[in-house]
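Below: the structure, in structure tokens.
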Amino acid sequence: MSVDSSNNKSNSENQGQGTLYVVATPIGNLEDTSERMRHILSTVSRIAAEDTRRTKQLLSHIGADTPCFSFHDHNERQKIDRVAELLQKGDSIALVSDAGTPLISDPGYPLVNELRKRGMNVVAIPGPCALIAALSIAGLPSDRFVFEGFLPSKSGARLVQLHRIALETATTIFYESSHRIRACLGDMAIAFGEERHVVVGRELTKTFETVLDGTVTELIGMLDNDPNQRKGEFVVMVRGSVKDTEGLSESAKMLARKLVEHLPKKQAAKITAEVFEEKKNKVYEYLLNG
Ligand code: SAM
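First residue of the sequence shown: 538, per my numbering; consecutive thereafter.
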């Protein structure tokens, strides 16, 4: 069965072939379904689902009974040829993940990449995405942002990554789970400084939706004082690094302060200036006056 998608230019170039619809699904609230999403999920031949049981709950909510097959990180590569074959035959397929937009920290990238290389039809059915929902209510600059997905689970690797992005000037967004949210904020205090502004969107669109807003230290306090704030799913958004009136970033100042505990001021200033591409004199002055 093929689904009408006459607004898709590439479909007219691939007549007779089916289309892969990349369909965003709710991130918690099942009422966040669009008419187009319901239409596509009800009329495609099959649905490639990250977790078929979870997708069947959504299908039952919208009154559809479309056959599903499993398509997740561990079997994705084996299933690409089969999906391509079905599309060649004229079947249309919807790709869905457990929640939100497929490919965004979810399966689907190798499939879409391969289908695009083969010139096949791929169409987006846009909808919920946790990072966009969170950014839209955070009150942080949204003109430029960087999405970092999940941080490494081990603290050492996580700190390396956080130090790498400490100087990023755009709002930086992370996904985080309940197991690691506290440790993640602890490492952010080390890498970004305790005063960096962070907004955490928790359980968005769900019953216990919360937005926590403050410095890294304040957020750590909120989580330590209320264990409920460590439960659920999180989007962590960090304000980009800003230079203060002395023209030094928080991270440069932090490194300089740490180094000066062990080294003469001149040497600490020299190393900091090299690491952060700052002027040596500026760092030295900061150490003298700071
Ligand atoms: N593809 C999804 C999307 O478009 O947002 C993300 C999938 S990723 C495997 C799951 C992560 O997204 C969670 O660990 C959490 O960081 C974030 N997330 C998903 N739903 C959320 C929600 N309702 N509230 C806050 N964060 C959420």
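We treat Cβ as the ideally placed atom computed from N, Cα and C, and that holds for glycine.
Selection from the options that minimises the alpha carbon distance to residue i
i	options	result
V649	A601, E613, M725	E613
H734	A806, S778, D588	S778
A793	A707, E713, K816	K816
A703	A728, G600, N826, P663	A728
S582	G751, L596, L623	L623
Cα-Cα separation, residue i to residue j
i	j	result
A586	S607	5 Å
V820	V736	30 Å
A726	A720	10 Å
P604	T706	46 Å
L652	M791	47 Å
N544	R573	The predicted model places N544 with a pLDDT of 43, which falls under 50 and marks its position as unreliable, so this point remains unresolved.
V748	G738	5 Å
C666	V812	36 Å
P663	R701	32 Å
G627	S642	29 Å
K743	I564	8 Å
Residue i (DSSP reduced to helix, strand or coil)
i	result
G723	helix
F745	coil
A631	strand
E815	coil
F771	strand
L825	helix
F682	strand
F729	helix
R717	coil
S542	Bear in mind that the predicted position of S542 carries a pLDDT of just 47, short of 50, making it unreliable; the figure below should be weighed with that in mind. Coil.
K780	strand
Expected contact under 8 Å - CB spacing of residue i and residue j to nearest Å
i	j	result
P753	L722	It is worth fixing the name first, because residue 753 is Val in this sequence and not Pro. Going by Cβ atoms, the distance from V753 to L722 rounds to 6 Å, so yes, they are a contact pair.
H560	L632	A quick correction: the sequence has Val, not His, at residue 560. Right, their Cβ atoms sit about 7 Å apart.
R776	L677	6 Å
A789	V797	Contact doesn't hold; Cβ gap of about 12 Å is too wide.
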